Amino acid sequence: MPPDTPFQPPQGAARIAGEADLVARTLAGERAAFGELVERYAPQARRVARAVLGDPDEADDAAQDGFLSALVKLGQYDARRPFGPWLMRIVANAATDRRRRRQVRRVEPLDPGLVGGGPRPDAEAVRTELGERLRAALAELPPRRRTAVVLFDVEGYSHAEIAGMLGIPEGTVRSEVFHARRRLRALLADWKGA
Amino acid sequence: MNEERMFDHRPDPELGAALRRALDPPRNDQGAFVARVMARYDEALTAATVPTWEVLAGWARRGIAAALLAAVVGGFLLGRALQTPEPETFDTAMAPTSGPGVAALVTATDPPDASIVFASLVEQR
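Quick look at the structure:
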């Protein structure tokens, strides 16, 4: 898969049915089915958590919290609806909770056996100066604003879906995306003009 | 940059791609992340079904408060029960302390003597 092409699950009814099947199998105790859901949504969950928290290690902790919280709450998922927005709401909440507790939280290091010898999660993106600038610009935005713009422009969720995830009115989502875009597009234009 | 484009209801592919590059974790550690989540699969399910000590501790405080309240109420009721005199029986109530008393009026076959009636009334006072 090319680096810029994120995972795009099948759209519409087929996607919902496929995810509902994975959820049903997970609820029946099939561990591999949950593993497939994690694999499918890991990149998205990690990006959303990173948009909220900034720090990649802390974001991975939050994304993991989100997945495990979703596993425990899986019985509450409405199988007639898409799984992504439901999961991203839990991940965004987990990241927001972690941001609130940031001052008192003790970071648990990753298990070395699981990490392996690869580069740090942000090593690839840090190589580009634009990536650094965009992350810095994102960090300056209020947390809800940067989460909204990432969910909309990166993950492709609708305003209504984001409103449901963040628990805010749809009009507020539009406004948050507008303000975030204004700041980030200005940065992007400067970069291209330089 | 015009305002209309800012309010565009469609995702901006250029901005989206740049943000994705900035936020994306490295491809070669996705497997490690998935493995890390799955390593806590059983732990998460167990924690969700077995009450933790924190939950029990939270209930313990309420339990102690309820037990103290029950002990106070129980002690109060027991104390009241011990202080209340035994109810008098019918015979005890009817028995005269001296003289013929009320029983004489109830059990006599002869018409009541005015002096007995008077004496009974005086005794009742």
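Quick note, the sequences are listed as chains A and B, same order.
Just so you know, we're using the working numbering here: the first sequence kicks off at 1228 and counts up by one.
Just so you know, we're using the working numbering here: the second sequence kicks off at 40 and counts up by one.
C-beta atoms are modelled at their ideal positions from N, C-alpha and C, and glycine is treated no differently.
Computed from a predicted structure; not experimentally measured.
Output the distance between the C-alpha atoms of A:A1416 and A:L1393, rounded to the nearest integer angstrom.
Distance between the alpha carbons of A:A1416 and A:L1393: 29 Å.
Can you find a CB in chain B that lies within less than 7 Å of the CB of A:L1298?
By this cut-off, A:L1298 is an interface position.
For the alpha helix (DSSP H) containing A:V1275, name the first residue and the last one.
Counting along the chain, the alpha helix (DSSP H) containing A:V1275 begins and ends at 1258 to 1280.
Got a sec: which bits of the segment 1240 to 1268 of chain A sit with their beta carbon under 8 Å from any beta carbon on chain B, in order along the chain?
The segment 1240 to 1268 of chain A vs chain B, Cβ under 8 Å: R1258, F1261, G1262, V1265, E1266.
Within a Cβ cutoff of 6 Å, which residues of the same chain sit near A:H1386, ignoring the five residues on either side of it in sequence?
Excluding positions up to five away in sequence, the list reads E1397, V1400, R1401.
By the 10 Å Cβ neighbour count, where 16 or more other Cβ atoms means buried, how is A:P1369 classified, buried or exposed?
With fewer than 16 Cβ atoms within 10 Å of its Cβ, A:P1369 is classed as exposed.
Would you mind sorting A:I1389 into buried or exposed? The rule is 16 or more other CB atoms within 10 Å of its CB.
Classification for A:I1389: buried.
Please list, in chain order, the chain B residues whose beta carbon lies closer than 7 Å to that of A:A1278.
Correct list: L62.
If we require 4 or more residues per run, which alpha helix (DSSP H) segments fall completely within the segment 57 to 132 of chain B?
Within the segment 57 to 132 of chain B, the complete alpha helix (DSSP H) runs of at least 4 residues are 69 to 78, 80 to 88, 92 to 122.
With a cut-off of 7 Å, does the C-beta of A:R1274 fall near any C-beta of chain B?
Taking Cβ atoms only, chain B reaches closer than 7 Å to A:R1274, which makes this a yes.
Under the rule that 16 or more other beta-carbon atoms within 10 Å means buried, what is A:W1418, buried or exposed?
Looking at its Cβ environment, which holds fewer than 16 other Cβ atoms inside 10 Å, A:W1418 is exposed.
Go to A:E1382, then tell me how far its alpha helix (DSSP H) extends in each direction, as first and last residue.
Element bounds for A:E1382: n/a, residue is neither H nor E.
The alpha helix (DSSP H) that contains A:L1301, what's its start and end?
Where A:L1301 is concerned, there is no enclosing alpha helix (DSSP H), given that its DSSP letter is neither H nor E.
Residues of chain B with CB closer than 7 Å to the CB of A:F1379, please, in chain order.
Ordered by position in chain B, the residues that pass the 7 Å Cβ test against A:F1379 are P50.
Find the residues of chain B that neighbour A:P1270, judging by a C-beta separation of less than 8 Å, and give them in chain order.
Residues of chain B passing the Cβ test: D63, P64, Q69.
Could you compute how far the alpha carbon of A:A1306 sits from the alpha carbon of A:V1265?
Computed Cα separation, rounded: 17 Å.
Can you tell me where the alpha helix (DSSP H) holding A:L1314 begins and where it ends?
1310 to 1327 is the extent of the alpha helix (DSSP H) around A:L1314.
Going straight from the alpha carbon of B:L54 to that of A:L1249, what length do you get?
Roughly 32 Å between the two C-alpha positions.
Within 7 Å of any Cβ in chain A, is that where the Cβ of B:A87 sits?
By this cut-off, B:A87 is an interface position.
In this structure, does DSSP put A:G1394 in helix, strand or coil?
Of the three classes helix, strand and coil, the one that applies to A:G1394 here is coil, per DSSP.
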